[in-house]
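Below is one structure, written out as C-alpha cells, with a few remarks after it.
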Amino acid sequence: WSPDGRTIAFLRRTPDGGALMTISPLGGGERKLASGRFTFSSRPSWTPDSRWIVSHVAGGTRLGLIPATGGEPRQLTRPSAGQFDFIGTVSADGRTLAFLRLSSAIRGQLMTVALSEGYQAQGEPRLVVGVRFVHALCWMPDGSGLVYSAQLGGQNDFGLFLLDLASPNDQRRLAAFGDHARDPAFAR
C-alpha cells in the first residue's frame, strides 16, 4: 500500500520475466510501471510521499526510483562491479534509504545512505552491519532501527532480527517468532 492509501504496488510474473504494477484498492485497471527480470529481491517499497517506488531496477545491479504515475526510473544506488543492491526501503521521514548490498550469493551488508528532499543519495552509503542472506527489511516506525529476516541455516530457514542503528553490533534475534519467520512489516 502507498502511504496515502490510494495505490497498491506489486510484482507480476510475465513470460519475459516480470512487471512492476500498480492498482487502486477501489478497483479499476492495473498499470504497468516497468517490465523486465524482476525477482523477489525487486521487492517494491514506497517513498513516504507516495510519489515514488523503490525497487531493484530490472536487469541491473542497483536500486532505482520508479515514478508511481509511470515514467523513466531514476538511479538511486551505484554499487561497484561485482556488487548488487536489493531490498531498498526509505525511512518514514524520507531522509534515509536502507538496503542490502550483496557481494556473494549468501553474504551481504546492510547499508544506509542519506537522502535529499528529492530522494537523491547524498554521499557514500554507510555500512551498518554484515549479514547472511536477507529476505526482507523494514524500518522501525520511529526510524531508530530496522527489522529484517535473515537466513539462519537451511535454504528456507529464516529468523527475524532487530537492529538498533545507534548500536548496530547489538543485533537481537526476535526469538518469540521462532524459526521460519520472514517478511516483517510495520504499520505507518
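Position one of the sequence shown corresponds to residue 194 (this note's numbering), numbered consecutively onward. For each residue, glycine too, the CB sits at the ideal point set by N, CA and C.
Check                                                                                                               : Outcome
Where Pro421 sits in the DSSP three-state scheme                                                                    : Since the first residue of the chain shown is 194 and the last is 381, residue 421 is not available in this structure.
Selection from Tyr312, Gly222, Arg224 and Ala285 that minimises the alpha carbon distance to Trp245                 : Tyr312
Residue from Ala359, Pro237 and Trp332 with nearest C-alpha to Leu226                                               : Pro237
Residue environment, Leu303, which counts as buried when at least 16 other CB atoms sit within 10 Å                 : buried
Same chain only: Cβ atoms within 7 Å of Trp194, ignoring 5 sequence neighbours per side                             : Ile201
Nonlocal neighbours in the same chain, by C-beta distance under 8 Å from Pro218, ignoring five residues either side : Trp194, Gly198, Arg199, Thr200 and Ile201
Nearest-angstrom Cα separation, counted from Ser342 out to Leu367                                                   : 10 Å
Beta-carbon spacing of Arg365, Leu355 below 8 Å                                                                     : yes
Exposed unless 16 or more other CB atoms sit within 10 angstroms - verdict on Pro208                                : exposed
Within 8 Å, strictly: CB atoms of Leu256 and Gly281                                                                 : yes
8 Å Cβ cutoff met for His328 and Asp350                                                                             : no
Ser243 beta carbon less than 8 Å from that of Ala261                                                                : yes
Start and end residues, beta strand (DSSP E) containing Met304                                                      : Arg300 to Leu308
Straight-line Cα distance separating Pro361 from Glu310                                                             : 26 Å
CB of Ala314 within 8 Å of CB of Leu339, strictly                                                                   : no
Span separating the alpha-carbon of Ser228 from that of Ser337                                                      : 34 Å
Nearest to Gln344 (by Cα), restricted to the options Trp332, Arg375 and Arg319                                      : Arg375
Nearest-angstrom Cα separation, counted from Pro266 out to Trp332                                                   : 23 Å
Gln364: first and last residue of the uninterrupted beta strand (DSSP E) it sits in                                 : Element bounds for Gln364: n/a, residue is neither H nor E.
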